[in-house]
Amino acid sequence: IGGLQSCASAVSGWDHQLEGWDGADAYDFASMLDHGLPLALGTDHPSTPVLDPLLTLSMVAGDEAPGAMTLADALEAYTAGSARSVGLAGQLGCLDVGCTADLTVLAEDPLLVDPAENVVLDTIIARRPGGADTR
Numbered sequence: 284i285g286g287l288q289s290c291a292s293a294v295s296g297w298d299h300q301l302e303g304w305d306g307a308d309a310y311d312f313a314s315m316l317d318h319g320l321p322l323a324l325g326t327d328h329p330s331t332p333v334l335d336p337l338l339t340l341s342m343v344a345g346d347e348a349p350g351a352m353t354l355a356d357a358l359e360a361y362t363a364g365s366a367r368s369v370g371l372a373g374q375l376g377c378l379d380v381g382c383t384a385d386l387t388v389l390a391e392d393p394l395l396v397d398p399a400e401n402v403v404l405d406t407i408i409a410r411r412p413g414g415a416d417t418r
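Structure follows, in structure tokens:
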């Protein structure tokens, strides 16, 4: 499973900030997926101070950047892919009976809007059976 530092990708544009660094070949997400490499995405912490999943998605997904993956593939890598990478497939990273989940409620369908837009309405950290949400 490829665990990726998305902030350093050519898709995010970060690689242009470093003289002599070309992340285009190192972070060709589309090629990795085409070759069957399962991917796991995260927020890049602690290499960046940003802990924003939607920003992370915008750094790897896009229609125009070479090597970008689709937003649907990025969401899968961020959720189910990350769970697989730590041996918890079917327990985390999915919405199914018996799965543990932290939920974020979005105002828009993340597959239909620019991932850089702030569409978060609410985040539910935990719910106790028969109890109230913890935010």
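Quick note, the numbering used here runs 283 ahead of the 1-based positions in the sequence shown.
A virtual CB, placed ideally from N, CA and C, is assigned to each residue, including glycine.
Inter-residue Cα distance where the pair is residue i and residue j
i	j	result
V396	G370	31 Å
L354	Y361	10 Å
Q374	P336	20 Å
A366	E391	24 Å
D317	V343	15 Å
Expected contact under 8 Å - CB spacing of residue i and residue j to nearest Å
i	j	result
L358	L340	7 Å
In DSSP terms, what residue i is bridged to
i	result
L375	A372
M352	A344
Cβ-based burial, residue i [other Cβ within 10 Å; buried from 16]
i	result
G364	buried
G345	buried
Option nearest residue i by Cα separation, candidates the options
i	options	result
P349	F312, T387, E391	F312
G325	G319, M315, L338	L338
G319	M342, E347, T387, D356	D356
Residue i CB to nearest heavy atom of the ligand NAD below 7 Å
i	result
A351	Absent from the structure shown: the ligand NAD. Ligands present: none.
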